[in-house]
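Residue numbers (the working numbering): 25 to 268.
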Amino acid sequence: MTPTAPAVATDTAVRLDAVTKTFGSGDAAVHALKGIDLEIGTGQLAVVLGPSGSGKTTLCNIIGGIETATSGDVTVGGESIGGRKPAELSDFRRDHVGFVFQFFNLIPTLTARENIEVIIELTGRGDKTRAPELLESVGLGDRGDSFPSQLSGGQQQRVALARALATDPAILLADEPTGALDLDTGRQILALLQELRDRGRTVVVITHNTSVAQIADRVITVVDGRIESIKDNASPANAADVTW
Ligand SMILES: Nc1ncnc2c1ncn2[C@@H]1O[C@H](COP(=O)(O)OP(=O)(O)O)[C@@H](O)[C@H]1O
Ligand SMILES: [Mg+2]
């Protein structure tokens with residue numbers, strides 16, 4: 025068995041202070057986030073839980089530097105990313121963040137291996153020769169030459185996970201990573217995410233599915249753009265034992 029990293033984080037990977045996000049203005053303004061304070065420790069697996077429309081994706085995109093907050097401070101890996109310009113945010117994403125999405129977002133005309141290699145090429149981070157090893161680490165060592173359409177949903181998500189790890193990001197953000205998968209396949213993805221946490225990576229999983237919260241060190245519940253609760257879980261369930 026691999027040793028489990030301590031659930032209690034020693035330092036902070038992500039910190040949000042009074043973060044708001046408003047889309048649009050005037051009568052059409054949507055207040056997606058209404059003052060979010062939270063902390064996620066380095067090496068923690070945090071689950072952001074909340075109903076559809078509660079602001080989870082917006083929160084995830086602000087942590088990952090895809091969107092900017094309307095007000096408040098965002099600190100990731102000890103660096104404030106609040107006032108950064110788009111080009112600087114793009115550097116920040118490249119250097120620090122891996123993303124996994126609900127619908128995998130693989131490039132359909134590239135093989136599994138090429139989907140990973142292209143990210144390494146584009147970002148200039150990582151080592152292209154490691155693509156097979158990355159596929160191996162998600163249990164797809166023999167599918168490098170398959171195109172996304174030749175893979176199941178769960179396999180495609182595993183390729184997406186390998187791709188997200190190709191640049192060795194300090195933090196992995198997964199927005200509804202099991203949302204398009206059946207239960208068993210979803211469990212396999214959660215197990216991989218948990219394994220990454222065990223190896224010391226900070227993992228943030230966004231979900232509307234309360235079952236997913238069972239695997240978290242910290243559960244951050246968001247309702248209507250506000251934090252409803254933040255709870256620490258002293259003994260998170262193993263993904264294999266998650267009940268749905
Ligand atoms: N680009 C956008 N423009 C306008 N409104 C948006 C945009 N993105 C999200 N919203 C709104 O912000 C709120 C929160 O959305 P979102 O963060 O996607 O929630 P969740 O991921 O929890 O379903 C919703 O009311 C949504 O319609
Ligand atoms: Mg969402």
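Beta carbons are placed, not taken as given, at the ideal position from N, Cα and C, and that holds for glycine.
- Roughly how far, in whole angstroms, is the beta-carbon of Ile105 from the beta-carbon of Val98, given that I think they are within contact range, below 8 Å? Taking the Cβ atoms as the reference, Ile105 lies roughly 5 Å from Val98, within the contact range of under 8 Å.
In this structure, how does DSSP classify Leu40 when only helix, strand and coil are distinguished? Here DSSP, grouped into helix, strand and coil, assigns Leu40 to strand.
Counting only runs that start and end within the stretch 189-250, where is the beta strand (DSSP E) found for 3 or more residues in a row? Entirely contained in the stretch 189-250, the beta strand (DSSP E) runs reaching 3 residues are, in chain order, 195-199, 226-231 and 242-247.
> Does the stretch 112-123 touch the stretch 156-175, meaning 3 or more C-beta pairs lie closer than 8 Å?
Replying inline: Judged by Cβ distances under 8 Å, the stretch 156-175 makes no contact with the stretch 112-123, as fewer than three pairs qualify.
Have a look at Arg211, Leu83 and Val243 and flag the residue whose alpha-carbon is nearest the alpha-carbon of Val266. Closest by alpha carbon: Arg211.
- [ ] Could you tell me whether any non-hydrogen atom of ligand 2 is closer than 7 Å to the CB of Thr202?
- [x] Because no heavy atom of ligand 2 lies under 7 Å away, the Cβ of Thr202 does not count as near it: no.
For Thr202, does the count of other Cβ atoms within 10 angstroms reach 16, so buried, or fall short, so exposed?
Thr202 should be labelled buried.
Can you give the beta carbon distance from Ile182 to Ile140, rounded, assuming they're within the 8 Å contact cut? In the sequence under discussion, the amino acid at residue 182 is Arg, which differs from the Ile named in the question. 11 Å between Cβ atoms; not a contact.
Cβ of Ile251 within 8 Å of Cβ of Ala70?
Taking 8 Å as the cut-off, the beta carbon of Ile251 is found no closer than this to the beta carbon of Ala70.
Note to self: Tell me which residues share the same chain as Glu219 and place their Cβ nearer than 6 Å to its Cβ, disregarding the 5 neighbours each side in the sequence.
What the structure shows: The same chain holds no residue with a CB closer than 6 Å to that of Glu219 once the five nearest residues on each side in sequence are set aside.
* Can we count Lys80 as close to ligand 3, meaning its CB is less than 7 Å from some heavy atom? -> Ligand 3 is absent from the structure shown, which contains only ligand 1 and ligand 2.
When the Cα of Ala228 is compared with those of Thr81, Lys58, Lys152 and Glu157, which residue comes out closest? It is Val, not Ala, that sits at residue 228 in the sequence shown. Closest in C-alpha terms to Val228, from the list Thr81, Lys58, Lys152 and Glu157, comes Thr81.
- In its own chain, which residues sit with a C-beta less than 7 Å from the C-beta of Gly177, not counting the 5 before and 5 after it? These residues qualify, in order along the chain: Ala204, Leu205 and Thr209.
> Under the three-state reduction of DSSP, which class applies to Ser104: helix, strand or coil?
Replying inline: Ser104: strand per DSSP, three-state reduction.
| task | Note down, in chain order, each residue of its chain lying with its Cβ closer than 7 Å to the Cβ of Leu130, except the 5 sequence neighbours on either side. | result | The answer, listed in chain order, is Asn139, Pro172, Gln180, Val183 and Ala184.
task: Give me the Cβ distance between Phe125 and Asp199, rounded to the nearest whole Å; I'm assuming they're in contact under 8 Å.
output: The C-beta distance from Phe125 to Asp199 rounds to 6 Å, short enough to fall under 8 Å.
Answer yes or no: do Leu197 and Ile60 have a C-beta to C-beta separation smaller than 8 Å? Contact: no.
**Prompt:** Can you find a C-beta in chain C that's less than 8 Å from the C-beta of Ala204?
**Reply:** The question asks about chain C, but that chain is absent: this structure has only one protein chain.
| request: Please name the residue, chosen from Arg149, Asp248 and Gly165, that lies closest to Pro8 on a Cα-to-Cα basis. | output: Limits of the chain in this structure are 25 at one end and 268 at the other, which puts residue 8 out of reach.
May I ask which residues mark the beginning and end of the alpha helix (DSSP H) holding Phe171?
Segment: none, Phe171 is in no alpha helix (DSSP H) and carries neither H nor E.
So does Asp248 have its beta carbon nearer than 7 Å to some heavy atom of ligand 2?
At a threshold of 7 Å, Asp248 does not count as near ligand 2, since its beta carbon sits no closer than that to any of the ligand's heavy atoms.
Alpha carbon to alpha carbon, how far is Gly165 from Glu157?
For Gly165 and Glu157, the gap between their C-alpha atoms comes out near 7 Å.
Of the choices Cys84, Asp51 and Gly77, whose alpha-carbon is the least far from that of Ile64?
The option with the nearest alpha carbon to Ile64 is Cys84.
| request: If I'm right that Val100 touches Val43 with Cβ under 8 Å, what's the distance once you round it to whole angstroms? | output: The C-beta distance from Val100 to Val43 rounds to 12 Å, too long to fall under 8 Å, and the pair is not in contact.
Next item on the list: Buried or exposed for Thr153, please, with buried defined as at least 16 other CB atoms from any protein chain shown within 10 angstroms of its CB.
Entry: Per the 10 Å Cβ criterion, exposed.
Check: Within 7 Å: the Cβ of Asp199 and any heavy atom of ligand 2?
Finding: Asp199: yes, Cβ under 7 Å from ligand 2.
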